[in-house]
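What follows is a set of notes on a single structure, which appears directly below.
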Amino acid sequence: MTDNRFDPSHADGRWQSAWEQAGTFTADSNSDKPKSYILEMFPYPSGRIHMGHVRNYTMGDVLARYKKMRGAEVLHPMGWDAFGMPAENAAMEKKVHPGTWTRSNIEGMKAQLKRIGFALDWTREFATCDPEYYGHEQALFLDMYEAGLVYRRQSEVNWDPVDMTVLANEQVIDGKGWRSGAEVEKRKLDQWFLKITDFAEDLLDGLGELKDWPDKVRLMQENWIGKSSGLEFLFELSNGEKLPVYTTRPDTIFGASFCAIAADHPIAQGLADDPAVAAFIEECKRGGTTAAELETAEKLGFDTGITAKHPFTGAPMPVFIANFVLMDYGTGAVMGVPGHDQRDFEFATKYELPITRVVAKDASEADAPMGDEAEAGDGVIVNSDFLDGMSVEDAKAEVIKRAEDVGWGEGTTVWRLRDWGISRQRYWGTPIPIIHSPDHGPVPVPKDQLPVELPEDIDFDTPGNPLERHPTWKHTTCPISGKPALRETDTLDTFANSSWYFLRFASQPADAPFDPDEIAKWLPVEHYIGGVEHAILHLLYARFWTRALSSIGKIEVKEPFAALFTQGMVTHETYALGDGSWLSPEEVKKDGADWVTVEGGKPVVAGRVTKMSKSKKNVVDPDAIIDQYGADAVRWFMLSDSPPERDLPWSEAGIEGCWRFVQRLWRLFDAYDPAASGEDKNLSRKAHQTIVAVAEDIEALSFNKAVARLYELTGASEKAAPSEARSFAIRAILHMVSPMMPHLAEEAHAKMGASGLIAEAAWPKHDPALLVEDEVTIAIQHKGKLRDTITAPKGAPKEDLEALALASEKVQRSLDGAEVRKVIVVPDRLVNIVT
RNA sequence: GCGGGUGUGGCGGAAUGGUAGACGCCGGGGACUUAAAAUCCCCUGAUCUUUUGAUCGUGCGGGUUCGAGUCCCGCCACCCGCACCA
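According to the numbering used here, the first sequence is numbered sequentially starting from -17.
Written out as structure tokens, the structure is:
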């Protein structure tokens, strides 16, 4: 008996080699075909590929292979986001060079990716730690420097005391370092910044054109950019100084009863000689910034004794130092309007400051008492002199106009977005190509001296930046004077590396970061797929670099990613012993309805389905699964069942089901008879309908639906007797599953005697004439409930359907002699009888 | 607090306002086999009913409609972002 099974352990490797030898997935920029750039977020080489990568790259792979079948020249590259702190941590823990560690991880992960059979153009592979890549990045940095988009200033930074480095605001989560989890400290350091705020308006407006991005991501970016408009104006203080404040509610200015300044505001700092003031400032800094702490934090203030003169009434108002005012937003000072701002309300209540109503539902409620919270809503201005009776909107404009006329203030726009601090006191990153000259200050490294390469001989015996303490590396000469000078020892934030890699994939000349003509051919990326965790940081920075490079004439394209898709996580059930300690899936087995340990049979609690994570031991290693079931079963699993944007629960039973289907298909392909004759109208129609539907599903990234339809057509083909239509259906299935299960498809394709690679084949053609049903099932309802179904010719006239419906025995029984008042007929669908 | 999302069988999930539960998984029964694996066939929302069938059923409460998982109004629960941003 012949072994009629598909054997991935032989087939997978064979076809992977065949594709590689044929250069099947090498993108040709000079092709006449329409271009299609499919990109998944490149991985950080942390050690091993995990199921999340497999899911992400399988989706992109299906799109890439599908696009190729539809006649596109596809660019589907892969590379490595290779700089970053884990490599340095490994260096410290395992005494291995970050480069060695990274390159070895890349080698291992590349081998893993190859086993899955992704249709990647490996000729374009690079790692961001390649001197060639980061050298070009340094060139781009200098281009931005020359264009005035880079500047250096002393700034208070978020200092991570564990990682000994500066963190971007985005990398501080609840007051803790995003990686180390350590409480972030404030330090003043000279830092390099990129002027992302110059592009705040463009980045915000650009979101409107990104129709194929998830609304969620666009909203998150919109909030992050945080545009607000209002009035910035000056208060004259009793000590002769002037205090600038910013408000979005100039309409409520007559309700102001105090001013509040941040603890690190210059005026507060100027008063810090007073021990009481100094103590209060200290207290403000101590306050936590976690959600829970902020929620419950009491509004605290310190009355400076200074008063501010109200710009309209001239009334003196106390100036407080307050713990709820942030120095780095607006001017670091606010006017307090307790009636219409909740924070001000709480503050005024505590310090017994006047709470005046200046907005009311209508003019007659001007004297309505305030409740126990501020009224931030819309209404009519009251108790406000010349503003009385105006709408909030009109009053805002009027106050701004008067301030500008007299000259004590002006309408402004304030952004939540800050410039991007890119200096990192780290070794494993792109060296910032600047030389600090004693005579000329910071001087760019001449471009012909790029790349500024990292030294190999470094030590990680002590915390801090190894570049800083390297004996020779930083010593160089000033490019202008030739005198001894020092290199900048900070490296670029790793997010810089991932801010332009998609350009380098599209074009990689040796002597330039990219060729703009090549970029124009491929960009924007048609589908960009990755995790939603990059919704703000990476995606905003990448958009910024693209716009910045566009603004200085390096490229034409303004938005890098035409469509974004954020896929869900791969999850798995968790298992724990009674004491709460986690168990891996291999350590447990099912005993009837219960879970027990494999060894000892101790009872196990099957817990929540959560993201695969090492700490919960619910990780499934792709390699082990591929060993057992081959690449195609895993790929099929990744596409089945769950919609791609939702989480996908991994299960042993599920992968076994996929494995069974792989074999089912194999048997079906094996039964293929090219010479079969005879008709099978139903199967033919189903095959043609499936060709259309699966294409639509893939284009909508609804892989789970495409999978379901392929199951259906497979089932129907299995049951059908040999016919020409069945042979057509089998060929169609073969081609339609080929982007999803490419190894099986190639193997079967070859076995059927077809020449060439199915990876190079075209998507099956459907015949529109064969899509049409000639008979349809009509639902018959009585009072909106289904009573019977009948079969009728497609396009049957309404009267016929009505007659057929009324002729139904079941319908007559349901009617039970009642008078038919109305009959609704939807052609080819249903008849609803109303009594 | 603000913003966004989700809610359908034991589970993952289908369903242009028109037969709810396609497809897959789990489960049950059977065939084949010395046996097992593999494979194949049947059943599988709930309740009642001998069959025919009937009633209920898409988080909850209303509404629009001949007809609502789908549209409208009001709630609830869970998940994810952001957060003292003036």
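For every residue, glycine included, the Cβ atom is placed at its ideal position computed from N, Cα and C.
### Message
My output table needs one value for residue 527: the three-state DSSP class, helix, strand or coil.
### Response
Looking up residue 527 in the first sequence gives position 545. Assignment of residue 527 by DSSP, reduced to helix, strand and coil, places it in the helix class.
### Message
Please report the straight-line C-alpha distance between residue -16 and residue 652, rounded to a whole angstrom.
### Response
Residue numbering aside, residue -16 sits at position 2 when the first sequence is read from its first letter. Residue numbering aside, residue 652 sits at position 670 when the first sequence is read from its first letter. With a pLDDT of 42 at residue -16, under the threshold of 50, the modelled position of that residue is not reliable, and no figure is offered here.
### Message
Using DSSP's beta-bridge definition, name the partner residues of residue 469.
### Response
As a first step, residue 469 must be located in the first sequence, where it is residue number 487. Residue 469 pairs with 417.
### Message
I need the DSSP call for residue 302, collapsed to helix, strand or coil.
### Response
Along the first sequence, one-based indexing puts residue 302 at 320. Correct three-state label for residue 302: strand.
### Query
Taking only runs of the alpha helix (DSSP H) that begin and end inside the segment -12 to 62, which ones reach a length of at least 4 residues, in chain order?
If we require 4 residues or more, the alpha helix (DSSP H) runs fully inside the segment -12 to 62 come out as -10 to 4 and 33 to 51.
### residue 444 classed as buried or exposed, judged by whether at least 16 other C-beta atoms fall within 10 angstroms
Numbered from its first residue, the first sequence carries residue 444 at position 462. With a 10 Å radius around the Cβ and a threshold of 16 neighbouring Cβ atoms, residue 444 comes out exposed.
### Whether residue 34 touches residue 552 by CB criterion (8 Å)
On the first sequence, residue 34 is found 52 positions in, with the first residue counted as 1. On the first sequence, residue 552 is found 570 positions in, with the first residue counted as 1. A contact, by the Cβ cut-off of 8 Å.
### Task
Just mark residue 486 as buried or exposed, buried being the case when its beta carbon has 16 or more other beta carbons within 10 Å.
Taking the first residue of the first sequence as position 1, residue 486 is located at position 504. Answer is buried; the Cβ neighbour count reaches 16.
### Message
Buried or exposed, going by whether 16 or more other CB atoms sit within 10 Å of the CB of residue -8?
### Response
Numbered from 1 along the first sequence, position 10 holds the residue referred to as residue -8. Exposed, since its Cβ has fewer than 16 Cβ neighbours within 10 Å.
### Query
Roughly how many whole angstroms lie between the Cα atoms of residue 578 and residue 557?
Indexing the first sequence from 1 puts residue 578 at position 596. Indexing the first sequence from 1 puts residue 557 at position 575. Taking the straight line joining both Cα atoms gives about 9 Å.
### Query
Using the beta-carbon count (16 or more within 10 Å), is residue 301 buried or exposed?
Along the first sequence, read from residue 1 onward, the residue named residue 301 stands at position 319. Taking every protein chain shown into account, the CB of residue 301 has 16 or more other CB atoms within 10 angstroms, so this residue is buried.
#### Entry: Boundaries of the alpha helix (DSSP H) in which residue 712 is found, first to last residue
Start at 1 with the first residue of the first sequence, and residue 712 comes out as number 730. Run containing residue 712: 706 to 719, per the alpha helix (DSSP H) assignment.
### Query
Is residue 361 closer than 8 Å to residue 374 when the C-beta atoms are compared?
Numbered from 1 along the first sequence, position 392 holds the residue referred to as residue 374. Numbered from 1 along the first sequence, position 379 holds the residue referred to as residue 361. Yes, the Cβ-Cβ distance between residue 374 and residue 361 is below 8 Å.
### Query
In three-state terms, what does DSSP make of residue 267?
Start at 1 with the first residue of the first sequence, and residue 267 comes out as number 285. Helix at residue 267.
### Task
Name the residue from 267, 394, 133 and 343 whose alpha carbon lies nearest to the alpha carbon of residue 363.
Reading the first sequence from its first residue, position 381 is the one you call residue 363. Among 267, 394, 133 and 343, the Cα nearest to that of residue 363 is on 343.
### Query
Any idea if residue 495 is buried or exposed, counting beta-carbon neighbours within 10 angstroms, 16 or more meaning buried?
Indexing the first sequence from 1 puts residue 495 at position 513. Buried is the call here.
### Message
As a quick exercise: from 130, 61 and 101, pick the residue whose alpha carbon is nearest that of residue 43.
### Response
One-based indexing of the first sequence puts residue 43 at position 61. Comparing Cα-Cα distances from residue 43 to each of 130, 61 and 101, the minimum goes to 101.
### Query
Can you give the Cα-Cα distance for residue 592 and residue 565, rounded to whole angstroms?
Your numbering for residue 592 matches position 610 in the first sequence. Your numbering for residue 565 matches position 583 in the first sequence. Spanning the two alpha carbons is a distance of roughly 14 Å.
### Message
Need the endpoints of the alpha helix (DSSP H) that residue 558 sits in, please.
### Response
Taking the first residue of the first sequence as 1, we reach residue 558 at position 576. It is not in any alpha helix (DSSP H) - residue 558 instead sits in the beta strand (DSSP E) that spans 552 to 558.
### Query
What did DSSP end up calling residue 206 once you bin it into helix, strand or coil?
As a first step, residue 206 is located in the first sequence; it is residue number 224 there, counting from the start. Correct three-state label for residue 206: helix.
### Message
Quick check on residue 412: buried or exposed, where buried means 16 or more other Cβ atoms within 10 Å of its Cβ?
### Response
Sequence index remark: in the first sequence, residue 412 carries index 430 (1-based). With a 10 Å radius around the Cβ and a threshold of 16 neighbouring Cβ atoms, residue 412 comes out buried.
#### Entry: Same chain, Cβ closer than 8 Å to residue 563, neighbours up to 5 away in sequence not counted
Taking the first sequence and counting its residues from 1, one reaches residue 563 at position 581. None.
### Task
From the DSSP output, in three-state form, read off residue 248 for me.
Reading the first sequence from its first residue, position 266 is the one you call residue 248. Residue 248 falls in the helix class under three-state DSSP.
### Task
Could you tell me the distance, in whole angstroms, from the CA atom of residue 130 to the CA atom of residue 403?
For the purposes of this step, residue 130 is taken as the residue at position 148 of the first sequence. For the purposes of this step, residue 403 is taken as the residue at position 421 of the first sequence. Rounded to the nearest angstrom, the two C-alpha atoms are 15 Å apart.
### Query
Whose C-beta lies closer than 7 Å to the C-beta of residue 262 among residues of the same chain, with five residues either side of it excluded?
Start at 1 with the first residue of the first sequence, and residue 262 comes out as number 280. Around residue 262: 284 and 303.
### Query
Ordered along the chain, which non-local residues of its own chain (more than five positions away) have a Cβ less than 6 Å from that of residue 450?
The residue labelled residue 450 in the question sits at position 468 within the first sequence. These residues qualify, in order along the chain: 471.
### Message
Just to confirm before moving on: does the CB-CB distance between residue 169 and residue 218 stay below 8 Å?
### Response
Numbered from 1 along the first sequence, position 187 holds the residue referred to as residue 169. Numbered from 1 along the first sequence, position 236 holds the residue referred to as residue 218. Their beta carbons are not under 8 Å apart, which means residue 169 does not touch residue 218 by this criterion.
### Query
So, are the CB atoms of residue 328 and residue 281 less than 8 Å apart?
Walking along the first sequence from the start, residue 328 turns up at place 346. Walking along the first sequence from the start, residue 281 turns up at place 299. In this structure, residue 281 lies closer than 8 Å to residue 328 by Cβ.
### Query
On the premise that residue 132 lies in contact with residue 141, defined as a C-beta separation below 8 Å, what is that separation, rounded to the nearest angstrom?
As a first step, residue 141 must be located in the first sequence, where it is residue number 159. As a first step, residue 132 must be located in the first sequence, where it is residue number 150. Contact flag wrong, Cβ pair sits at about 22 Å.
### Message
Which of the three DSSP states is assigned to residue 67 in this structure?
### Response
Here residue 67 refers to the residue found at position 85 when the first sequence is read from its first residue. Of the three classes helix, strand and coil, the one that applies to residue 67 here is helix, per DSSP.
### Task
From the DSSP output, read off the bridge partner residues of residue 578.
Along the first sequence, one-based indexing puts residue 578 at 596. According to DSSP, which records beta bridges pairwise, residue 578 is partnered with 571 and 585.
### Beta-carbon spacing of residue 321, residue 295 below 8 Å
Working through the first sequence from its first residue, we reach residue 321 at position 339. Working through the first sequence from its first residue, we reach residue 295 at position 313. Result no, Cβ atoms of residue 321 and residue 295 do not sit closer than 8 Å.
### Query
For the beta strand (DSSP E) that contains residue 133, what are its first and last residues?
The sequence position of residue 133 within the first sequence is 151, counting from 1. Taken as a continuous stretch (DSSP letters only), the beta strand (DSSP E) holding residue 133 covers 132 to 142.
### Query
By DSSP, does residue 611 sit in helix, in strand, or in coil?
If you number the first sequence from 1, residue 611 lands on position 629. Residue state, collapsed to three classes: helix.
### Query
With distances taken between CB atoms, is the gap from residue 614 to residue 726 smaller than 8 Å?
To locate residue 614, count along the first sequence from 1; it is residue 632. To locate residue 726, count along the first sequence from 1; it is residue 744. Against a cut-off of 8 Å, the Cβ pair of residue 726 and residue 614 comes out as a contact.
### Task
Give every residue of the same chain whose Cβ lies closer than 6 Å to the Cβ of residue 47, excluding the five residues on either side of it in the sequence, and list them in chain order.
Taking the first sequence and counting its residues from 1, one reaches residue 47 at position 65. Counting only Cβ-Cβ distances below 6 Å, and skipping sequence neighbours, we find 101 and 721.
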